[in-house]
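Asker: Each step along the sequence shown adds one to the number in the UniProt record's numbering, with nothing skipped, and position 142 is 142.
The following block contains the structure, expressed as structure tokens.
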Amino acid sequence: MRPIKYVLSLVLVLFFKFGFSQEKVSKKYTIDEIVQLALDNNQKLKVSKQSVAIAAQQSEVYKQYQLPDISFNAKAMYLGDVVLLDTDFSKVTTVDMPHFGNTFSLQAQQLIYKGNAINNTVKIGSLQEQLANLNVENDVIGVKFLVISNYLNLYKLYNQKQVFVENIKLAQKRIDNVTSFYKQGMVTRNEIIRGDLLLASLNQAIVTIDNNIAILNTQLAIALGLPENEQIIPDDEILKLDTALQDYGTYKEEVITNHPLIKTIDLQKELAQTSLDITKSDKLPILAGFAAYNMQRPLTNSFPIQDLYNNNWQVGVSLTYNIESLYKTSKKESLDKLKIEQISEVKTLTQQNLQVATKAAYLKYNEAISQKDTYLESKRLAEENYRITEKKYLNQLALITEILDASNSKLEAELQYINSEISIIYSYYNLLKTTGNL
């Protein structure tokens with residue numbers, strides 16, 4: 001009995017250990033891999049692509065307006081006898097009727113002319129489909145930049161953590177030296193306390209970085225369609241990315257002509273112009289062709305009434321003109337024209353905003369390159385200053401405050417340099433995103 005209980009207990013322990021725990025899985029991804037994952041799995045892009053499918057189907061619906069309208073009607077009925085009444089409503093006689101009646105009718109109508117309204121409606125469907133595709137293109141740029149920026153921030157956090165880990169090792173080494181000096185009576189205890197405070201601060205910074213990594217990792221995993229427990233490790237190859245740019249004039253010219261937002265506005269203007277053409281067509285006559293075939297029983301327009309089928313057909317054309325359009329359509333035309341003018345102004349405003357954003361992104365890229373050189377020199381000087389100060393402190397020629405200041409300067413310089421490397425890559429992708437080339 002006891003072995004059975006032991007086995008059951010072991011099974012339960014293993015079940016709770018492995019059944020309810022989610023072990024983190026680490027995997028290294030390149031920047032190209034995360035971009036491809038985003039394109040394949042991002043939920044926002046899936047929604048955008050559904051909009052394209054909807055627009056395409058709507059376009060097919062509009063095309064059906066070019067087809068003829070065809071209807072068929074059939075009736076079966078019971079006919080009562082006809083009662084003839086005098087002028088004073090008194091009964092005169094009853095006429096026997098065939099009691100079973102039925103009718104069949106087939107009608108068709110084809111629009112021949114309506115001021116090109118049908119073709120323009122089909123054109124609107126095509127333009128809306130193109131707009132949906134441009135929205136997807138713009139969303140792709142946004143999603144790409146989102147996952148790339150999160151990826152770079154994640155890389156930056158891992159590097160920052162490494163810097164803090166190295167500085168914690170130095171801080172611990174410093175505390176060991178200070179403790180040794182204290183035991184020899186060479187320094188006071190407050191120098192040990194200062195070192196402990198700095199070490200505690202560095203350890204807390206590690207906790208904060210780990211939390212930020214976890215948050216950013218979750219956001220990125222969801223955006224890529226990966227399990228939340230998968231730990232994304234950025235690839236160091238990102239630092240070897242070729243970030244060479246063309247001259248500013250090239251980007252300035254390209255952004256005002258080829259950016260998806262500009263293309264979208266151009267399509268919106270064409271859509272508004274087509275709507276105006278449809279409005280104008282309301283002032284034109286409507287010409288349609290029609291055909292009909294009818295069969296009816298009994299024959300009621302003869303006397304006596306005969307139980308026969310009345311069979312007839314007709315073919316012709318109809319001309320319709322809405323007189324009210326002469327005084328109603330002009331207001332709608334004015335409204336459509338105002339919308340077209342507004343879209344033209346929106347295009348100018350968007351071009352100006354894109355030019356400003358492109359200039360800013362280009363300058364920030366050059367600034368990031370300049371900062372890297374500056375921070376590299378600052379890092380070199382801070383490390384040299386720390387080595388000198390540490391040597392002086394070990395020889396009792398410097399105070400604890402001096403070496404702590406040197407340590408803080410070294411830490412700050414190292415963080416600035418690491419961040420500057422990522423800032424160049426971020427600025428590069430930001431410029432591509434701004435110009436619509438990402």
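Cβ coordinates follow ideal geometry from the N, Cα and C atoms, glycine included.
Using the beta-carbon count (16 or more within 10 Å), is Leu271 buried or exposed?
Answerer: Position 271 of the sequence shown holds residue 271. Answer is buried; the Cβ neighbour count reaches 16.
Asker: Answer with buried or exposed for Ile388, where buried requires no fewer than 16 other C-beta atoms within 10 angstroms of its C-beta.
Answerer: Locating residue 388 in the sequence shown gives position 388, counting from the first residue. Ile388 comes out exposed.
Asker: Return the Cβ separation of Gln273 and Ile340 in integer angstroms, given the expectation that the two are a contact with Cβ distance under 8 Å.
Answerer: On the sequence shown, residue 273 is found 273 positions in, with the first residue counted as 1. On the sequence shown, residue 340 is found 340 positions in, with the first residue counted as 1. Taking a contact as a CB-CB distance under 8 Å, the pair Gln273 and Ile340 counts as one, their CB atoms being some 6 Å apart.
Asker: Rounded to whole angstroms, how far is the Cβ of Leu276 from the Cβ of Lys359, which I believe are closer than 8 Å?
Answerer: As a first step, residue 276 must be located in the sequence shown, where it is residue number 276. As a first step, residue 359 must be located in the sequence shown, where it is residue number 359. Between Lys359 and Leu276 the Cβ distance is about 36 Å, and since that is not below 8 Å, they are no contact.
Asker: Can you tell which of Ile343, Lys433, Ile425, Lys28 has its C-alpha closest to the C-alpha of Ala221?
Answerer: Residue numbering aside, residue 221 sits at position 221 when the sequence shown is read from its first letter. If we check each option's Cα against that of Ala221, Lys28 comes out closest.
Asker: Can you give me the Cβ contacts of Tyr375 inside the same chain, cut-off strictly under 6 Å, excluding the 5 residues immediately before and after it?
Answerer: In the sequence shown, residue 375 corresponds to position 375, counting from 1. Answer for Tyr375: Gln416, Tyr417, Ser420, listed in chain order.
Asker: Skipping 5 residues on each side, what residues in its chain have a beta carbon closer than 6 Å to that of residue 439?
Answerer: Residue 439 lies beyond the residue range present for the chain, which begins at 1 and ends at 438; the question has no answer from this structure.
Asker: Ordered along the chain, which non-local residues of its own chain (more than five positions away) have a Cβ less than 6 Å from that of Ile233?
Answerer: Taking the sequence shown and counting its residues from 1, the one referred to as residue 233 is at position 233. Hits under 6 Å: Ser26, Lys28.
Asker: By a C-beta neighbour count over all protein chains shown, 10 Å radius and 16 as the cutoff for buried, is Thr434 buried or exposed?
Answerer: Counting from 1 along the sequence shown, the entry for residue 434 is found at position 434. Counting Cβ neighbours within 10 Å, Thr434 comes out buried, since at least 16 surround it.
Asker: Quick check on this structure: which residue in Phe72, Val163, Gln130, Val140 has the alpha carbon closest to the alpha carbon of Leu224?
Answerer: Taking the first residue of the sequence shown as 1, we reach residue 224 at position 224. Minimum Cα distance to Leu224 is reached at Val140.
Asker: Verify whether the separation of the beta carbon atoms of Gln66 and Ala288 is less than 8 Å.
Answerer: Within the sequence shown, residue 66 is the residue found at index 66, counting from 1. Within the sequence shown, residue 288 is the residue found at index 288, counting from 1. Not in contact: Gln66 and Ala288 (Cβ atoms no closer than 8 Å).
Asker: Bridge partners for Ser71 per DSSP, in chain order?
Answerer: Taking the sequence shown and counting its residues from 1, one reaches residue 71 at position 71. In the DSSP assignment, Ser71 forms a beta bridge with Gln107.
Asker: Around the Cβ of Asp307, are there at least 16 other Cβ atoms within 10 angstroms (buried) or fewer (exposed)?
Answerer: Reading the sequence shown from its first residue, position 307 is the one you call residue 307. Asp307 comes out exposed.
Asker: What's the call for Gln128, buried or exposed, on a 16-neighbour Cβ count within 10 Å?
Answerer: By one-based count along the sequence shown, residue 128 stands at place 128. Label assigned to Gln128: buried.
Asker: Where DSSP assigns a beta bridge to Tyr113, which residues make up the other side?
Answerer: Counted from its first residue, the sequence shown places residue 113 at position 113. Answer is Leu287, bridged to Tyr113.
Asker: Quick one: give me the first and last residue of the alpha helix (DSSP H) that Val346 is part of.
Answerer: The residue you call residue 346 lines up with position 346 of the sequence shown. Per DSSP, Val346 belongs to the alpha helix (DSSP H) from 325-394.
Asker: Give the range of the alpha helix (DSSP H) segment to which Leu438 is assigned.
Answerer: Your numbering for residue 438 matches position 438 in the sequence shown. Note, Leu438: premise wrong, no alpha helix (DSSP H); not H, not E.
Asker: In chain order, what residues of the same chain lie with their CB nearer than 7 Å to the CB of Leu152, ignoring the 5 residues before and after it?
Answerer: To locate residue 152, count along the sequence shown from 1; it is residue 152. Excluding positions up to five away in sequence, the list reads Ile422, Ile425, Tyr426.
Asker: Tell me the rounded alpha-carbon separation between Gly436 and Val147.
Answerer: For the purposes of this step, residue 436 is identified with residue 436 of the sequence shown, where counting begins at 1. For the purposes of this step, residue 147 is identified with residue 147 of the sequence shown, where counting begins at 1. Cα to Cα, Gly436 sits roughly 16 Å from Val147.
Asker: Roughly how far, in whole angstroms, is the beta-carbon of Gly97 from the beta-carbon of Ile305, given that I think they are within contact range, below 8 Å?
Answerer: Looking up residue 97 in the sequence shown gives position 97. Looking up residue 305 in the sequence shown gives position 305. The amino acid at residue 97 is misidentified as Gly; the sequence shows Met. Between Ile305 and Met97 the Cβ distance is about 6 Å, and since that is below 8 Å, they are a contact.
Asker: Quick one, are the C-beta atoms of Ile238 and Thr350 less than 8 Å apart?
Answerer: Indexing the sequence shown from 1 puts residue 238 at position 238. Indexing the sequence shown from 1 puts residue 350 at position 350. Their beta carbons are not under 8 Å apart, which means Ile238 does not touch Thr350 by this criterion.
Asker: Where does Val95 land, buried or exposed, given buried means 16+ other C-beta within 10 angstroms?
Answerer: As a working mapping, residue 95 is identified with position 95 in the sequence shown. Flag for Val95 reads exposed.
Asker: Would you say Phe145 and Leu438 are within 8 Å of each other, going by their C-beta atoms?
Answerer: Residue mapping note: residue 145 aligns to position 145 of the sequence shown, counting from 1. Residue mapping note: residue 438 aligns to position 438 of the sequence shown, counting from 1. Inclusion of Phe145 and Leu438 in the CB contact set at 8 Å is warranted, their separation being smaller than that value.
Asker: Does the stretch 181-201 come close enough to the stretch 385-403 that 3 or more CB-CB pairs lie under 8 Å?
Answerer: Yes, since at least three Cβ pairs between the stretch 385-403 and the stretch 181-201 fall closer than 8 Å, the two stretches touch.
Asker: Would you kindly work out how many angstroms separate the C-alpha atoms of Asn294 and Trp313, rounded to a whole number?
Answerer: Position 294 of the sequence shown, counting from 1, holds the residue named residue 294. Position 313 of the sequence shown, counting from 1, holds the residue named residue 313. Rounded to the nearest angstrom, the two C-alpha atoms are 6 Å apart.
Asker: For Lys28, which of helix, strand or coil comes out of DSSP?
Answerer: Your numbering for residue 28 matches position 28 in the sequence shown. Looking at Lys28 - three-state DSSP - the assignment turns out to be strand.
Asker: Residues in its own chain within less than 7 Å of Ser48 by CB, not counting five upstream and five downstream?
Answerer: Along the sequence shown, one-based indexing puts residue 48 at 48. Cβ neighbours of Ser48 beyond the five flanking positions: Asn135, Val136, Asp139.
Asker: Only counting the same chain, and skipping five residues up and downstream in sequence, which positions put a Cβ closer than 7 Å to that of Asp247?
Answerer: Numbered from its first residue, the sequence shown carries residue 247 at position 247. Contacts found: none.
Asker: Going by DSSP in three states, Val82 sits in which element: helix, strand or coil?
Answerer: Working through the sequence shown from its first residue, we reach residue 82 at position 82. Val82: strand per DSSP, three-state reduction.
Asker: Below 8 Å on the Cβ atoms is my guess for Lys410 versus Glu383; work out the distance and round it to an integer in Å.
Answerer: Reading the sequence shown from its first residue, position 410 is the one you call residue 410. Reading the sequence shown from its first residue, position 383 is the one you call residue 383. Between Glu383 and Lys410 the Cβ distance is about 6 Å, and since that is below 8 Å, they are a contact.
Asker: Considering only their Cβ atoms, is the gap separating Ile400 from Val178 smaller than 8 Å?
Answerer: The count along the sequence shown starts at 1 and reaches residue 178 at position 178. The count along the sequence shown starts at 1 and reaches residue 400 at position 400. A contact, by the Cβ cut-off of 8 Å.
Asker: Which residue comes first and which comes last in the beta strand (DSSP E) that contains Thr320?
Answerer: Here residue 320 refers to the residue found at position 320 when the sequence shown is read from its first residue. That run of the beta strand (DSSP E) goes 310-320.
Asker: Figure out for me which residue from Ile343, Ala291, Gly142, Asp282 has the closest Cα to the Cα of Tyr327.
Answerer: Residue mapping note: residue 327 aligns to position 327 of the sequence shown, counting from 1. Answer by Cα proximity: Asp282.
Asker: By the 10 Å Cβ neighbour count, where 16 or more other Cβ atoms means buried, how is Lys173 classified, buried or exposed?
Answerer: Counting from 1 along the sequence shown, the entry for residue 173 is found at position 173. It counts as exposed.
Asker: What would DSSP say about Glu230, mapped onto helix, strand or coil?
Answerer: On the sequence shown, position 230 is the one that residue 230 refers to. Three-state result, Glu230: strand.
Asker: Under three-state DSSP, which class holds Gly185?
Answerer: Indexing the sequence shown from 1 puts residue 185 at position 185. Gly185: coil per DSSP, three-state reduction.
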